[in-house]
Every structure is written in structure tokens, then in C-alpha cells.
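Every letter in the sequence shown is one number past the one before it in my numbering, and letter 123, counting from 1, is 123. Idealized CB from N, CA, C, for every residue including glycine.
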Amino acid sequence: MGQIVIAILSALSLTLTATTQNIERAFLQNNAKLLYSYFPERSYINIALPEPVSFSDYVSNQQAYFLFKRIFSSYTTFQFFPDRETIFIPRRTVIFKARWSFLDRKTDNQHVYFIYFYLTFHTGGINPREPVFWKIREIRVEVI
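Rendered as C-alpha cells:
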């Protein structure tokens with residue numbers, strides 16, 4: 001029984017690691033399409049971004065995609081450093097924190113923020129053999 005629990009926790013950890021690496025890659029490559037794959041299809045995502053973006057709302061996965069497509073076309077990410085510590089909270093949720101630096105293409109101003117991704121654990125369906133994955137439920141940004 002203990003080995004089964006360890007195997008399940010190891011699988012969850014591996015999928016979480018792959019998810020956070022892909023989120024990092026999406027920001028470093030300014031790739032909204034890669035980020036889109038982590039947006040839930042049937043629920044809204046709470047996104048709160050301060051100046052210079054100034055956006056705060058609940059949006060669908062498609063709205064979030066177009067928002068980040070616009071962000072990545074206006075601001076170039078040049079640093080994205082994940083925090084080593086992932087915070088686990090109840091209800092199959094983790095908080096992935098990173099330091100995000102980007103350059104405003106119009107003004108050449110640099111902005112540095114902490115960005116928090118609230119990730120919720122999902123399964124592919126009723127069948128336990130279907131893939132396990134994490135979806136972004138919320139994105140919050142705070143000025144450093």
C-alpha cells in the first residue's frame with residue numbers, strides 16, 4: 001500500500017515539474033499557445049496584472065490566450081526565474097511562484113514582478129489510467 005502511495009506522489013510530482021517547466025518555457029519564448037494548453041476549458045481563469053498591463057478579470061481560456069498573445073507582442077520576457085519552493089494548499093492546488101522580468105517594447109522600460117500561478121490537479125476523465133495534468137486556475141502578479 002505504501003509503495004502505491006509513493007508511486008502516485010512521484011507521478012504527481014513529475015507532472016507538476018513538467019507543467020512548471022512548460023509555463024517557464026511559454027514565458028521565455030513569449031508563446032501564448034504553449035500557455036493556452038494549461039488553461040481550463042470549462043471554467044474561468046482569474047487574471048490580475050498591474051501596470052503597465054492593467055488587467056483584472058475572470059476570463060475564458062480563449063480570452064486568456066488572446067490576452068497573453070497581446071502581452072507577449074507588447075512586452076518581451078527576458079527573465080523568468082521559478083521559485084524553488086512550491087506551495088501546496090488544500091483541494092489539489094499548488095502555487096507556482098516565479099520572478100518575471102520583461103521589457104516594454106514601446107518605452108524600453110523594464111518591469112520586474114513576482115508572478116503566481118494557482119495550479120489545480122485534474123485527471124483526464126473517469127478512467128484512472130487517463131493522463132493526469134495541472135491546469136492554471138488563477139494568475140496573480142505583484143510588483144517587487
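- DSSP places Q21 in the helix class (H, G or I) of the three-state scheme.
- For L16, the number of other beta carbons within 10 angstroms of its own is at least 16, and it is reported as buried.
- Taking C-alpha positions only, E142 is separated from V112 by approximately 9 angstroms.
- Bridge pairing for I89: T93 [DSSP].
- Under the three-state reduction of DSSP output, Q63 falls in the helix class.
- With respect to the 8 angstroms criterion, S56 and A48 are classified as neighbours on the basis of their beta carbons.
- Counting the other CB atoms within 10 Å of its CB gives L28 a total below 16, which places it among the exposed residues.
- Within the same chain, Cβ atoms closer than 6 angstroms to the Cβ of P40 are found at K135, the five residues on either side in sequence being excluded.
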